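Numbering (our numbering), first residue to last: 1 to 303. We put the CB at the ideal spot given by N, CA and C, even for glycine. Predicted, not measured: the structure shown is a model, and the values here were computed from it. For reference, the structure is listed below as structure tokens.
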Ligand code: CP
Ligand code: NVA
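Structure follows, in structure tokens:
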């Protein structure tokens, strides 16, 4: 079996590959703005397999492959033979025969790895409980668009710092050489070993005001991720005080930008005023998913 190069975590690409990817994503974005057509992935097929809800990941990958001349097939767990017990590895072998790459969103990292181990085409992590690499990659591209190089910048992430978004920011910090401040109460922090792996790039700060002081970027995510709905009330109670609102933002750098991967729960982790305010780059961030993923698909499929 051919060994495919997957994109399961941020560490699966090197800093020089990321430089090339960001530069190509910017070029593809300019070309899209100029209404130029691209055909770099003509004749290629992308399968998106969703075992959890999605708006942006599904649509941005569909648009990305379509605008590069390829096509998109969505497979949901419920409507495929997976629901009737066909093994995941068999599904991966079959998809490998038809398609050129696959995006898989699933509940556990173990299940993603099980799929990847049987796939002879590149597998892209579309989100698990342990990370959301394509989203954080896009977030860093969005930071560079707004502020220039992310290296040496301070990104503050407030709220659920044990969730997939915070975990991917943690992995990204040493790779992209930025400082990450995680603002969360006890019980909402990543495992100590994961924090240790990020070394001096990460600081844990319980007080959100102290964590955003002078920050270049303030990022957050929902307090209850998909699958944690039953804990929503107690999580809301524990994370009260970590909302990104205008008051909190006054402590950040005057040029600071605000990011949120979406979907958002307004007036929990972020206010509507901040989402719609002048420092928000949330809507560009969502659009950039498509541009960045186009460049990623080219790297994975053509290289
Ligand atoms: N940010 C993100 O991945 O959104 P979806 O859950 O809508 O795909
Ligand atoms: N942490 C969120 C991200 C959604 C894109 C979740 O896992 O539901």
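Notebook entry, point to check: Based on the DSSP secondary-structure assignment, which residues constitute the bridge partners of residue 7?
Noted result: 124
Margin query: For a test of the three-state rule: what should DSSP assign to residue 131, helix, strand or coil?
Written below: strand
Margin query: Using 8 Å as the threshold, is the C-beta distance between residue 134 and residue 293 below it?
Written below: yes
Check: How about residue 36 and residue 298: are their beta carbons less than 8 Å apart?
Finding: no
Notebook entry, point to check: Per the contact definition of three or more C-beta pairs closer than 8 Å, is the segment 174-186 in contact with the segment 196-205?
Noted result: yes
Next item on the list: Rounded to whole angstroms, what's the CA-CA distance from residue 305 to residue 270? Just pull it up for me.
Entry: Only positions 1 to 303 of the chain appear in this structure, which leaves residue 305 out of reach.
Check: Which runs of the alpha helix (DSSP H), 4 residues or longer, sit entirely within the segment 83-170?
Finding: 88-98, 109-118 and 133-147
Check: Are there 16 or more other CB atoms within 10 angstroms of the CB of residue 3, so buried, or fewer, so exposed?
Finding: exposed
Checklist line | Beta-bridge partners of residue 280, as assigned by DSSP | finding: 258
Margin query: Using 8 Å as the threshold, is the C-beta distance between residue 161 and residue 137 below it?
Written below: no
Check: Mind checking whether the beta-carbon of residue 55 lies closer than 7 Å to any heavy atom of the ligand CP?
Finding: yes
Item checked: DSSP state of residue 60 mapped onto helix, strand, coil -> helix
Check: Leaving out the 5 sequence neighbours to the left and right, which residues in its chain are closer than 8 Å to residue 121 when beta-carbon positions are compared?
Finding: 4, 95, 96, 99, 100, 101 and 102
Notebook entry, point to check: Do you know whose CA, among 8, 33 and 7, lies nearest residue 291's CA?
Noted result: 33
Notebook entry, point to check: When the distance is taken between beta carbons, is residue 146 closer than 8 Å to residue 257?
Noted result: yes
Margin query: When you compare the segment 60-72 with the segment 82-90, are there three or more beta-carbon pairs, one atom per stretch, that lie closer than 8 Å?
Written below: no
Margin query: When you measure from the CB of residue 306 to every non-hydrogen atom of the ligand CP, does any distance come out below 7 Å?
Written below: What is shown of the chain runs 1 to 303, which leaves residue 306 out entirely.
Next item on the list: Could you check how far apart the C-beta atoms of residue 195 and residue 155 are, in whole angstroms? I think they sit under 8 Å.
Entry: Actually they do not touch by this definition, with Cβ atoms about 15 Å apart.
Item checked: CA-to-CA distance, residue 22 to residue 236, given in whole angstroms -> 36 Å
Next item on the list: Give the DSSP-derived three-state secondary structure of residue 183 in the structure shown.
Entry: strand
Next item on the list: Tell me whether residue 71 sits in a helix, a strand or coil according to DSSP, three-state version.
Entry: strand
Notebook entry, point to check: How far does the beta strand (DSSP E) with residue 222 in it reach, from first residue to last?
Noted result: Unbroken run through residue 222: none, as it is neither H nor E.
Next item on the list: Drop a sphere of 10 angstroms on the beta-carbon of residue 108, count the other beta-carbons inside from all chains shown, and report buried for 16 or more, exposed for fewer.
Entry: exposed
Note to self: Is residue 226 near the ligand NVA - that is, is its Cβ less than 7 Å away from at least one heavy atom of it?
What the structure shows: yes
Checklist line | Whole-number beta carbon distance between residue 167 and residue 198, since they are thought to touch under 8 Å | finding: Not really, about 10 Å apart at Cβ, beyond 8 Å.
Next item on the list: Helix, strand or coil for residue 49, going by three-state DSSP, please let me know.
Entry: strand
Notebook entry, point to check: Going by alpha carbons, who is nearest to residue 209 out of 52, 241, 72 and 232?
Noted result: 241
Notebook entry, point to check: How many angstroms separate the CA atom of residue 245 from the CA atom of residue 264?
Noted result: 13 Å
Note to self: If the criterion is Cβ atoms closer than 8 Å, does the pair residue 7 and residue 164 meet it?
What the structure shows: no
Notebook entry, point to check: Going straight from the alpha carbon of residue 128 to that of residue 229, what length do you get?
Noted result: 16 Å
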